[in-house]
Amino acid sequence: MRRPFKYPLSTLSALALAASLWPAFAQAETTLRWGMRWDFSQGHTYAPLRNPASYPGANSLALYNGLTRLDPTNGYAPVPDLAESWTISEDGLTYTFTLRDGIAFHDGSPVTADDVVFTVGVAQDPKHNLQVQADLAPVVSVTAPDPRTVVFTLAYPYGPFLTNVGFAIVPRALLEPELAAGKVLNETDFARAPVGTGPYRFAEFKPGAELVLEANPDYHFGAPRIDRLVFVLAQDPETLPLRINAGEVDGGIIAPAMAGTIDPAVATAISYKSASTETIALNPPLPPLD
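See the structure below:
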């Protein structure tokens, strides 16, 4: 039987995948198996506080929420997420966020302003080498006057700030003890069995094989219509179309040149323009570039 899923050929942004997981994504199947060409054998692709614009962070978007999120129906403008509202001072240097009432982490503990302050501190700590550190460069202080209020003070007005506070908020009570013991974020047990606020909860991780997430029935934007989300490792780009045709996975990203390898009786291959980019970064201080 031909599956109703469609398979993008170009690079898929994390936001596009994440949007497909929310309640608006209506399919009869209760499990979606998504093929990935990235090796998450070390669990690093779902560690929190990665750059939410990178595809390997797509499963992080299923697990976590930020103060804001981007609305794909409105030009990807920032809209409320964990924060229900905010105000900005006239000089553009002070942002005051009010958290939604009653939001909990997957372990049932409440999300508080203290968790936000803690998360910002982790993100700004250079020893963790996190991609969001640069996004928070203008922040000179962040405080929690009460459990539902977070106040950011910036060194200078910064236009992208509302977008940049969409990074994952993590529970201080679970992560702080490991960091206090000297671990960096990617080495923590938390990064391999994470607890967030997102539409999906961590269920199981099989190194080099798959990551299994289960729907969060208490998600603040409504429970997802897909009960289980499975990220399947298909590191060889030639393997993924074969696994799609065999029914082992329901979807994934394939190279445009491989469109003809998809069995039309099994799945539909589509292509579309994407704003995603791929880069190669060089480190000049290291040999042989020094």
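Under my numbering, think of the first position of the sequence shown as 11, with each following residue one higher.
For every residue, glycine included, the Cβ atom is placed at its ideal position computed from N, Cα and C.
With a Cβ-Cβ cutoff of 8 angstroms, do residue i and residue j count as a contact?
| i | j | result |
| --- | --- | --- |
| G206 | H116 | yes |
| A307 | Y210 | Lying outside 11 to 300, the shown extent of the chain, residue 307 is not represented and no answer is given. |
| P251 | I263 | no |
| D124 | A154 | yes |
| A165 | V150 | yes |
| A72 | G208 | yes |
| A183 | S99 | no |
| P167 | G102 | yes |
| P148 | F171 | yes |
Please list, in chain order, all residues of the same chain as residue i whose beta carbon is under 6 angstroms from its beta carbon, the five residues on each side excluded.
| i | result |
| --- | --- |
| P97 | Correcting the residue identity first, residue 97 is Thr in this sequence and not Pro. For T97, where only same-chain residues beyond five positions count, the Cβ hits under 6 angstroms are T106. |
| A34 | Low confidence applies to A34: its pLDDT is 40, below 50, so where it sits in the model is not reliable, and the reading given next is rough at best. Hits under 6 angstroms: none found. |
| A36 | Confidence in A36 is poor, its pLDDT being 43 and thus under 50, which makes the residue's placement too unreliable to answer from. |
| N174 | D145 |
| E288 | none |
| V240 | R43, E220 and V222 |
| T104 | T163 |
| V242 | R43, G45, E220 and V259 |
| T40 | D237 |
| T78 | P88, D91, L172, V175 and G176 |
| L296 | none |
Assuming the contact rule is C-beta atoms closer than 8 angstroms, residue i and residue j should be a hit. Round their C-beta distance to whole Å, please.
| i | j | result |
| --- | --- | --- |
| G76 | G176 | 4 angstroms |
| T6 | P157 | A query on residue 6 cannot be resolved here, the shown segment of the chain reaching from 11 to 300 and no further. |
| V180 | T129 | 5 angstroms |
| Y86 | A178 | So it is not a contact: roughly 18 angstroms between Cβ atoms. |
| A244 | R253 | 6 angstroms |
Looking at C-alpha atoms only, which residue of the options is the closest neighbour of residue i?
| i | options | result |
| --- | --- | --- |
| P136 | L195, F200 and P295 | L195 |
| A219 | F231, D246, E197 and F200 | D246 |
| E248 | D237, V242 and T271 | T271 |
| H230 | G112, P167 and V160 | G112 |
| T159 | A133, T278, G131 and V127 | V127 |
| P187 | Q143, V132, I290 and V161 | V132 |
| F200 | N255, R110, L185 and P295 | L185 |
| V161 | F212, A291, Q143 and S95 | S95 |
Looking only at its chain, what residues have a beta carbon closer than 8 angstroms to the beta carbon of residue i, apart from the 5 residues adjacent to it on each side?
| i | result |
| --- | --- |
| D228 | A114 |
| N293 | L299 |
| S30 | Confidence at S30 is low in this model, with a pLDDT of 39, below 50, so its placement is unreliable and no value can be given for it. |
| L80 | L25, Y86, A87, P88, V89, T173 and G176 |
| Q134 | Q143, L146 and V149 |
| A291 | none |
| A213 | V222, L223, E224 and R238 |
Can you tell me which residues form a DSSP beta bridge with residue i?
| i | result |
| --- | --- |
| I98 | Y105 |
| L172 | Partner(s): none; L172 has no beta bridge. |
| R211 | E224 |
| L239 | L42 and L223 |
| V162 | For the sequence presented, residue 162 should be read as Phe rather than Val. Paired residue(s): Y105 and V152. |
| R79 | V89 |
| A114 | P120 |
| G262 | G45 |
| K137 | None; K137 has no bridge partner. |
| K216 | E220 |
Starting from the C-beta of residue i, find all residues in its chain whose C-beta is less than 7 angstroms away, skip the five residues before and the five after it, and write them out in chain order.
| i | result |
| --- | --- |
| R13 | With a pLDDT of 49 at R13, under the threshold of 50, the predicted position of this residue should be treated as unreliable, though the coordinate-derived value follows. For R13, where only same-chain residues beyond five positions count, the Cβ hits under 7 angstroms are D260, V276 and A277. |
| K193 | none |
| D273 | N255 |
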